Each structure stands twice: as C-alpha cells, then as structure tokens.
Amino acid sequence: MLTLPERFLLFSLDDDSGKFVSQSSLSLPYGLAGAILLELQQSGHIALEENTLYITNCNKAIDDSILQDALTFMSEKNKLKNIRYWVQTVGHFVRKHKLKDQYVNRLIDKGILVQEDATFLMLFKKDVFPAIDSTQEDDDKQRIRLYLIENQPPGNEQIVLLIALLRAAQMDKLLFKKAEYKIVKKKATAIMKDNPYSKAVADTVQAVQAAVVSATT
Numbered sequence: 130m131l132t133l134p135e136r137f138l139l140f141s142l143d144d145d146s147g148k149f150v151s152q153s154s155l156s157l158p159y160g161l162a163g164a165i166l167l168e169l170q171q172s173g174h175i176a177l178e179e180n181t182l183y184i185t186n187c188n189k190a191i192d193d194s195i196l197q198d199a200l201t202f203m204s205e206k207n208k209l210k211n212i213r214y215w216v217q218t219v220g221h222f223v224r225k226h227k228l229k230d231q232y233v234n235r236l237i238d239k240g241i242l243v244q245e246d247a248t249f250l251m252l253f254k255k256d257v258f259p260a261i262d263s264t265q266e267d268d269d270k271q272r273i274r275l276y277l278i279e280n281q282p283p284g285n286e287q288i289v290l291l292i293a294l295l296r297a298a299q300m301d302k303l304l305f306k307k308a309e310y311k312i313v314k315k316k317a318t319a320i321m322k323d324n325p326y327s328k329a330v331a332d333t334v335q336a337v338q339a340a341v342v343s344a345t346t
C-alpha cells in the first residue's frame, strides 16, 4: 500500500517517458506538502481547529521517516499558525530537503519506478523514472474517473483526497480529455472546497491551491 504523497507523486510523472510533466513543475512541492499534512492529520499527530494548526502528539513515533522529519521540523518551529502558513512552510521544506527525490527513491525501492538515463538535444543527460508497475496508479485513475464521470462511490477516502489535491495543484486535467474535463472540473472543485469527509481536509487542500496560484502567477 502506497502512502498518499507517493500516490500523488505518481500522477506528476509520465508513465512511459518517466519525465515529470510540465504542469507539476511549480505545484508539486505544495501538493506534496498538502499530502504530508493530510497524512499527519489522519495519524492524529496534528489537528486543525478554526484554521489554526496544532501539533497534538509530537512524541508519538511515526513509522515513516519523511513524515517524522516533517513533524519534527514543524514542532521545532513551535508556532501557532494557520494552515496556509504551514502549506507554504512545509512546501519550502519539501524543496530544501529534496523530498521529491526521497519519494522517487522509495518508489524505486518498492518496484514501482525504475531509474534510467535519458539524453536531451544529443548532449545532456538527465535521470528519468518510467513506471514498471502501474497497478496502484491505474487503479487510482480508474476510481477517480468512475467517481467523477459516472458518479460511482470512490471506494475509500484516499481517492477523494487525491482528487482534491490534484485539483488544487492544477494536475487533474492530466487525467481527462478536454471535453471530459469541462464536465468533471466543477465536481472536482466542489470536492476540493467542501470535502465530504471533513472541513479540515477542505481547508488544507484550499491552502494548497492558494500556494500553487501564488507560485504560478
């Protein structure tokens, strides 16, 4: 079972070429920050009340080194701030500590991706990460499409969280044809703004959207 940040990251990669899609270049750090914060909410380590984020259990160990590092970083900040501040701050933490690369390495270790060299303009070499096992991503894509297009139940909360994060990061359009996207965009936006599971989720995801908009304008 992949974590929410790992599942989100897979959508930023082209399965065949292994390149990060252009739509994710600026939004990915904040999307990962949102996914990390949602994981910490689900594990009970942080809580969001009236748009203020509280660290509720910093002493409880997490069986995930990246989440543990993020929680330690937040705890050391020792600030009561709104969720928008924390998405921005954890987004900077993601970039500074190259968490994207850490998640890619995890997915390689799990047999989901493989690292290869690609040559650009016959001169420059760059690492690419094509998928060798797309089972989880294919299942997520199918569930997202069935939920948004055919109104079938999402199956689990993670699918709804993925939809909200992808919409906030402006990456949801990668999953649909142009005509389809016109139909599903409104529903995906509604899920982002009024998450059916909790207001804390909706507030977190909208903070991701605000950070992405700020980074891309």
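With the first letter of the sequence shown counted as 1, position 42 gets the number 171 in our numbering; the numbers rise by one all the way through. Note that beta-carbon positions come from the ideal geometry of N, C-alpha and C, so glycine has one too. Since the structure is predicted, the reported quantities are computational estimates derived from the model, not experimental observations.
**OP:** Would you identify the three-state DSSP class for N234, choosing helix, strand or coil?
**Re:** Note: N234 maps to helix in three-state DSSP.
**OP:** Return helix, strand or coil for V342, following the three-state DSSP convention.
**Re:** In the three-state DSSP reduction, V342 falls in the helix class (H, G or I).
**OP:** Could you name the residues that DSSP lists as bridge partners for N211?
**Re:** BP columns for N211 point to T181.
**OP:** Could you check if E135 is buried or exposed, using at least 16 other CB atoms within 10 Å of its CB as the buried criterion?
**Re:** With 16 or more other Cβ atoms inside 10 Å of its own Cβ, E135 counts as buried.
**OP:** Return the CA-CA distance between T218 and V330, expressed in angstroms with no decimal places.
**Re:** Between T218 and V330, the C-alpha separation is close to 18 Å.
Original post:
Is K255 helix, strand or coil by DSSP?
Top reply: K255: strand per DSSP, three-state reduction.
Original post:
Is the region 199-217 close to the region 246-261, with three or more CB pairs under 8 Å?
Top reply: When C-beta atoms of the region 199-217 are compared with those of the region 246-261, fewer than three pairs fall below 8 Å, so the two segments do not count as touching.
Original post:
How big is the Cα-Cα spacing for Y232 and Q338?
Top reply: For Y232 and Q338, the distance between alpha carbons rounds to 21 Å.
Original post:
For F149, which residues does DSSP report across the bridge?
Top reply: Its beta-bridge partners are L142.
**OP:** Could you check what DSSP says for I175 in three-state terms: helix, strand or coil?
**Re:** Strand, per DSSP.
**OP:** Determine, using beta carbons only, whether G160 and A344 come nearer to each other than 7 Å.
**Re:** It is not a contact, given that the beta carbons lie outside the stated cut-off.
Original post:
In terms of alpha-carbon separation, which member of L169, L304, I278 and D230 lies closest to E266?
Top reply: Of the candidates L169, L304, I278 and D230, the one whose C-alpha sits nearest the C-alpha of E266 is L304.
**OP:** Please go through the region 245-308 and give each complete beta strand (DSSP E) segment of 3 or more residues, from N-terminal end onward.
**Re:** Counting only runs of 3 or more, we get 245-249 and 253-257.
Subject >> Nearest to E279 (by Cα), restricted to the options L166, T201, D238 and E309 >> reply: Among L166, T201, D238 and E309, the Cα nearest to that of E279 is on E309.
**OP:** Measure the C-alpha to C-alpha separation of I292 and D145 and round it to an integer number of angstroms.
**Re:** Answer to the nearest angstrom: the Cα atoms are 22 Å apart.
Original post:
With a cut-off of 8 Å, do at least 3 Cβ pairs link the region 310-326 to the region 181-192?
Top reply: Touching, no.
Original post:
In three-state terms, what does DSSP make of L155?
Top reply: Annotated three-state conformation of L155 is coil, per DSSP.
**OP:** Please classify G240: is it buried, with 16 or more other beta-carbons within 10 angstroms of its beta-carbon, or exposed?
**Re:** With fewer than 16 other Cβ atoms from the protein chains shown falling within 10 Å of its own Cβ, G240 counts as exposed.
**OP:** Determine the direct distance from the alpha carbon of Q287 to that of D268, and round the result to whole angstroms.
**Re:** Cα to Cα, the separation comes out at about 12 Å.
Original post:
Quick one: Cα of S204 to Cα of I175, how far?
Top reply: In a straight line, the C-alpha of S204 is about 10 Å away from that of I175.
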